[in-house]
Amino acid sequence: MDDRGGGGGGSFVAVRRISRGLDRGNACHSTSVEVVAGSAAWLGRGLSCVCVQRRDSDARPSFDLTAEQEESLQRLQNRIDVAYDSSVPEHQEALRALWNAAFPGEELRGLISEQWKEMGWQGKDPSTDFRGGGFISLENLLYFARNFPVCSVSLVNLSFRSVSVPTSLLFIPFEMKQIPVEAFSCYSGTGWKSFQDLLRKQEGDRALWEYPFAVAGVNITFMLIQMLDLEAVKPRTLVGATFLKFLAENESAFDLLYCITFKLMDHQWLAMHASYMDFNTVMKATRRQLERELLQEDIISLEDLPSYTLLTR
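Each residue of the sequence shown is one higher than the last, beginning at 1 in the UniProt record's numbering.
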């Protein structure tokens, strides 16, 4: 096993709102029993990778795949196998791109910087948190930021450290108040109104102690890999087999499902009036809801999932 599932990573810091690796064959698989923690970096600190432990008595069927499904699964598994490596230029550029997408107009002082805590990483070096999900967890975050910028900013703002600002500008760092409207050209039509709503953080009754955005994102990547049984040569769950139908038709299906899951998780968080120590419970509820939606008979594509509307409303 590579170090994506290993320990390390320092102490976990919750976000207080004041004024505003996975090798195939791993023992964690998608069943409905025994929730266990994934990375030791998060163990016992209220924010655990939600996966489930395989029992020796498990006897699950495998599902036959079409040639297209086999090829798309192999490509996705190749992505999953890539560990984040801070010495690889491509990985460095992806991390910088994530910062620029999340904080347009704010200069990043370095790939190791205290600034990263503003996004909800555990420390000043995000690479220590990618051990739980690998490079694909960074790709998922970047896809989210580029394709659903309104939603991404909505969630990222939860990870900002509190600052003293007027009531009308709560939840944004001082630097972002200086960004001209032109910097947010991706918001068009009603999107600009959405940005204003996000700027004021009017969505939901937030907890005093919020989940850190970035680390939660890594957890979601890890959970989806387990839920969909993506480490297996062939899917052994109906949910996994159903997902591969979507993946064969849309190469970005995993990334899109990630975005849907992130918004669903935040929706569950608000509905459950959750706080920092409730994260594991919220993740389990999110997984159950997602499994139910994927197995509905009238779901032809991921865009048909009821929770997809959370991305577009």
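Even for Gly, the Cβ is constructed at its ideal location relative to N, Cα and C.
* Asked: Looking only at its own chain, which residues have a Cβ that is under 7 Å from the Cβ of F63, when we skip the five neighbours before and after it?
  -> Here the question's residue 63 lines up with position 63 in the sequence shown. So the qualifying residues of the chain are K234, P235, A241.
* **Per-residue burial, P306 [other beta carbons within 10 Å of its own, 16 or more giving buried]** => Reading the sequence shown from its first residue, position 306 is the one you call residue 306. Its Cβ having fewer than 16 others within 10 Å, P306 is exposed.
* Asked: Are Q92 and L76 closer than 8 Å when you measure CB to CB?
  -> Taking the sequence shown and counting its residues from 1, the one referred to as residue 92 is at position 92. Taking the sequence shown and counting its residues from 1, the one referred to as residue 76 is at position 76. Against a cut-off of 8 Å, the Cβ pair of L76 and Q92 comes out as no contact.
* To do: Check whether the region 272–290 touches the region 211–224, taking contact to mean three or more Cβ pairs, one atom from each stretch, closer than 8 Å.
  => yes
* To do: Count the other C-beta atoms from every protein chain shown that fall within 10 angstroms of the C-beta of V215, then say buried if there are 16 or more, exposed otherwise.
  => The sequence position of residue 215 within the sequence shown is 215, counting from 1. V215 is buried by the Cβ-count criterion.
* What's the gap between the Cα of E297 and the Cα of Y276? -> Here residue 297 refers to the residue found at position 297 of the sequence shown. Here residue 276 refers to the residue found at position 276 of the sequence shown. Spanning the two alpha carbons is a distance of roughly 35 Å.
* Asked: Are the Cβ atoms of N78 and D255 separated by less than 8 Å?
  -> The residue you call residue 78 lines up with position 78 of the sequence shown. The residue you call residue 255 lines up with position 255 of the sequence shown. No, Cβ-Cβ distance for N78 and D255 is not below 8 Å.
* Asked: Based on Cα-Cα distance, which residue from L270, E251, I220, L295 lies nearest to T237?
  -> The count along the sequence shown starts at 1 and reaches residue 237 at position 237. Distance from the Cα of T237 is smallest, within the candidate group L270, E251, I220, L295, for L295.
* Asked: Is V239 closer than 8 Å to residue 314 when the C-beta atoms are compared?
  -> For the chain, the structure presents residues 1 to 313; residue 314 sits outside this window and is missing.
* **Start-to-end residues for the alpha helix (DSSP H) that takes in E291** => Walking along the sequence shown from the start, residue 291 turns up at place 291. Segment 279–294, the alpha helix (DSSP H) holding E291.
* May I ask which residues mark the beginning and end of the alpha helix (DSSP H) holding I80? => The residue you call residue 80 lines up with position 80 of the sequence shown. It spans 67–80 - the alpha helix (DSSP H) in which I80 sits, taken as one unbroken run.
* To do: State buried or exposed for E210, treating a residue as buried only when at least 16 other CB atoms are found within 10 Å of its CB.
  => Here residue 210 corresponds to residue number 210 of the sequence shown, with the count starting at 1. Result: buried.
* To do: Rank S127, L270, T309, T281 by C-alpha distance to the C-alpha of C259 and give the top, closest one.
  => Against the sequence shown, residue 259 aligns to sequence position 259. Closest by alpha carbon: T309.
* Asked: Is V88 buried or exposed, if buried means 16 or more other CB atoms sit within 10 Å of its CB?
  -> By 1-based counting over the sequence shown, the position of residue 88 is 88. V88 comes out exposed.
* Helix, strand or coil: which one does DSSP assign to W99? -> Residue numbering aside, residue 99 sits at position 99 when the sequence shown is read from its first letter. W99 falls in the helix class under three-state DSSP.
* Asked: Looking at C-alpha atoms only, which residue of L270, W269, I300, E249 is the closest neighbour of S72?
  -> As a position in the sequence shown, residue 72 is number 72, starting the count at 1. Taking only the C-alpha atoms, the option nearest S72 is E249.
* **Close-in-space but distant-in-sequence residues of the same chain around L98 (CB under 7 Å, 5 per side omitted)** => Looking up residue 98 in the sequence shown gives position 98. Cβ contact annotation for L98 (same chain, cutoff 7 Å, sequence separation greater than five): L138, L141, L142, A145, in chain order.
* Per DSSP, what kind of secondary structure is K124 in: helix, strand or coil? -> Indexing the sequence shown from 1 puts residue 124 at position 124. K124 falls in the coil class under three-state DSSP.
* Asked: Would you call the CB atoms of F83 and F148 closer than 8 Å?
  -> If you number the sequence shown from 1, residue 83 lands on position 83. If you number the sequence shown from 1, residue 148 lands on position 148. Here residue 83 is Ala; the residue named in the question, Phe, does not match the sequence. No; because the gap between Cβ atoms is not below 8 Å, this pair is not in contact.
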